DNA sequence: TTTATTTATGTCGAATGTGACATAATATGT
DNA sequence: ACATATTATGTCACATTCGACATAAATAAA
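Chains as they are written, first to last, in the numbering used here: chain A, 152 to 265; chain B, 152 to 265.
Written out as structure tokens, the structure is:
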């Protein structure tokens, strides 16, 4: 499935590369980015599953709509603390974390000219 | 094994209870504490396995000996960011995290008078 | 014990992260 | 099209966290 898309893109002169390689990230920088992306997408997923708007989620998490937007956008001003506390505030528990990470962690990729 | 110890303590008038219950923690507070403890003990474990002093680890992590001590002691002034970045700096990767958490997460317990 | 090494604790100025607000952009419904 | 709801982005005063330093406490080596 993804293979097909990739081939189509390559035919059009694009190439998919790992973000780590393209940006020349050190392993720990790469790990940190992957973790942050996994957490922010998990927050969004859980908020939507709970059928909450960012505004409603903000009230539950004692935060603001704009900050929720930044959490879900992976904004660099958002700490891991806030990402994780948001998850917990939406009903995820620490014992859910291992599986959640297993499912959400994946190497970030970028599209470059071939 | 742990069962034996517990019985001995109970005979002496003590009782082991979950920290969450005793401190009346909300589920998300409990999760956060469990996670922090899991990470700080993992940092210590990895530092010792690498046979590093706190001083040496500090240099690697661009930090200071005193902060490493606080990381490993679960000091409240230490953020999840720092805990996790320390782990990554010691060679753990994001894909190691699920298993690492599975192995290190456990309910905190307290000893109270019976 | 005495000395050296390692770890723990308290404090502080600087750096980073926070909720809140305004407002722009986008999506959804009529 | 228009109005309404939702999400995104920029900014800022306030709070939290940082590395660094001093020094105490604990551990190991002599």
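Backbone N, C-alpha and C define an ideal beta-carbon position, used for all residues, glycine too. Remember, predicted model here, so these are calculated numbers, not experimental data.
Which residues of chain B have a Cβ atom closer than 7 angstroms to the Cβ of residue i, listed in chain order?
i	result
residue 239/A	179, 182, 183
List the residues of chain B whose Cβ lies closer than 8 angstroms to the Cβ of residue i, in chain order.
i	result
residue 232/A	230, 231, 232
residue 199/A	The premise fails here: residue 199/A is roughly 19 angstroms from chain B at the closest Cβ pair, so nothing lies under 8 angstroms.
I want to see whether chain A comes within less than 8 angstroms of residue i, judged by CB atoms only; does it?
i	result
residue 244/B	yes
residue 235/B	yes
residue 270/B	What is shown of chain B runs 152 to 265, which leaves residue 270/B out entirely.
Does residue i come out as helix, strand or coil in the three-state DSSP assignment?
i	result
residue 260/B	strand
residue 226/B	coil
residue 255/A	helix
residue 241/A	coil
residue 214/A	coil
Closest Cβ-Cβ distance between residue i and chain B: below 8 angstroms?
i	result
residue 207/A	no
residue 253/A	yes
Applying a beta-carbon distance threshold of less than 8 angstroms, which residues of chain A neighbour residue i?
i	result
residue 186/B	235, 245, 248
Given that residue i touches chain A, what residues does it touch there, using C-beta distances under 7 angstroms?
i	result
residue 115/B	The structure shown has nothing for residue 115/B, since chain B only spans 152 to 265.
Continuous beta strand (DSSP E) assignments of at least 3 residues falling wholly in the stretch 153 to 202 of chain B:
The beta strand (DSSP E) runs of length 3 or more contained entirely in the stretch 153 to 202 of chain B are, from start to end of the chain, 165 to 169.
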